[in-house]
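S.K.:
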Amino acid sequence: MHNDQGAISLSGGDVSLMKLQALAMLRAGALAGEYYIATNPAGEQIGYTLWMPPGQEMFSTDEQRKLGFAEFMNRLPQEGKDYFATTYLARLPGFVTSKLGPTGKLDSWWLHMAMVRRDYQKKGVVRSLINLVCEKAAETGGTLACATTSHENVPVYRAIGFTHLGEIVMPSPWGEWPVHLFSLNARRTEA
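Here the sequence shown is numbered in full-length UniProt numbering, starting from 1 and rising by one per residue.
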């Protein structure tokens with residue numbers, strides 16, 4: 001994560017703030033989102049996914065922002081605050097809306113984090129975790145959506161069944177970075 005250009009940019013170039021940003025997301029997700037955890041036979045956590053269900057958006061309420069996001073924003077250097085307001089928020093939401101529609105993000109199950117311990121990667125852990133939400137979304141014909149800032153994750157999401165909707169390159173004083181957008185329409189299958 002310390003070499004993820006998107007995370008560096010959203011931390012205003014201060015990599016020491018990345019942990020604070022991640023903790024803010026985890027806490028807001030614990031309040032308004034849903035976690036799915038994978039464990040091994042010994043009971044050790046080997047992976048998790050963090051989702052915001054339809055109708056919820058990360059950091060959209062004061063209650064969520066008070067769980068670390070406000071502190072993160074206060075600690076951002078001014079250049080980072082300016083970047084967040086004038087570049088990130090000015091470009092990314094419009095890109096997402098252009099691909100998912102005006103309420104597409106809010107109407108979907110939005111995957112914010114998918115983490116798998118390195119020694120369990122490429123063993124179907126993230127696929128299994130995503131399938132749990134896919135089954136839930138299929139009950140209502142819902143959509144799963146996510147974005148990644150890593151080119152390496154594009155084939156992973158495609159292999160799981162997501163459609164790659166497009167890419168935008170975000171300019172940044174710390175180096176440009178890609179955002180790849182995906183969606184997966186969950187459909188109930190009849191037996």
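Note that beta-carbon positions come from the ideal geometry of N, C-alpha and C, so glycine has one too.
Per DSSP, what are the beta-bridge partners of Thr149 in this structure?
M.R.: DSSP lists no partner for Thr149.
S.K.: May I ask you to list the residues that DSSP assigns as paired with Val96?
M.R.: None; Val96 has no bridge partner.
S.K.: Would you mind sorting Ser108 into buried or exposed? The rule is 16 or more other CB atoms within 10 Å of its CB.
M.R.: That one is buried.
S.K.: Among the candidates Asp62, Thr97 and Lys19, whose CA atom is the shortest distance from the CA of Glu167?
M.R.: When each option's Cα is compared against that of Glu167, the closest is Thr97.
S.K.: Using a Cβ-Cβ distance cut-off of 8 Å, determine whether Ser11 contacts chain C.
M.R.: Here there is only one protein chain, and chain C is not present.
S.K.: Assign Tyr35 to buried or exposed, taking buried as 16 or more other Cβ atoms, counted over all protein chains shown, within 10 Å of its Cβ.
M.R.: Result: exposed.
S.K.: Ordered along the chain, which non-local residues of its own chain (more than five positions away) have a Cβ less than 8 Å from that of Val156?
M.R.: So the list reads Val126, once near-sequence residues are dropped.
S.K.: Which residue marks the beginning of the beta strand (DSSP E) containing Pro178, and which one marks its end?
M.R.: Residues Trp177 to Asn185.
S.K.: On the DSSP bridge assignment, give the partners of Gln45 in chain order.
M.R.: Looking at the DSSP assignment, Gln45 forms a beta bridge with Thr39.
S.K.: So the candidates are Thr86, Ile46, Leu26 and Arg27; which of them puts its Cα closest to the Cα of Gly12?
M.R.: Minimum Cα distance to Gly12 is reached at Thr86.
S.K.: Going straight from the alpha carbon of Gly47 to that of Ala22, what length do you get?
M.R.: Roughly 15 Å separates the two Cα atoms.
S.K.: Are the CB atoms of Lys105 and Leu165 nearer to each other than 8 Å?
M.R.: It is not a contact, given that the beta carbons lie outside the stated cut-off.
S.K.: Considering only residues of the stretch 2 to 85, which uninterrupted alpha helix (DSSP H) runs meet the minimum length of 4 residues and lie entirely inside it, listed in chain order?
M.R.: Complete alpha helix (DSSP H) runs here, min 4: 5 to 10, 18 to 32, 70 to 75 and 78 to 83.
S.K.: So who's on the other strand from residue 203, going by DSSP bridges?
M.R.: With the chain covering 1 to 191 only, the question about residue 203 has no answer from this structure.
S.K.: What whole-angstrom Cβ distance do Phe69 and Ala7 have, given they're in contact under 8 Å?
M.R.: The Cβ separation is near 15 Å, so there is no contact.
S.K.: Evaluate the contact criterion for the stretch 177 to 186 versus the stretch 140 to 150: three or more CB pairs, one atom per stretch, below 8 Å.
M.R.: At 8 Å Cβ cutoff, the stretches touch.
S.K.: Tell me whether Ala191 sits in a helix, a strand or coil according to DSSP, three-state version.
M.R.: Its pLDDT being 41, under 50, Ala191 is placed unreliably in this model, and the coordinates cannot settle the point.
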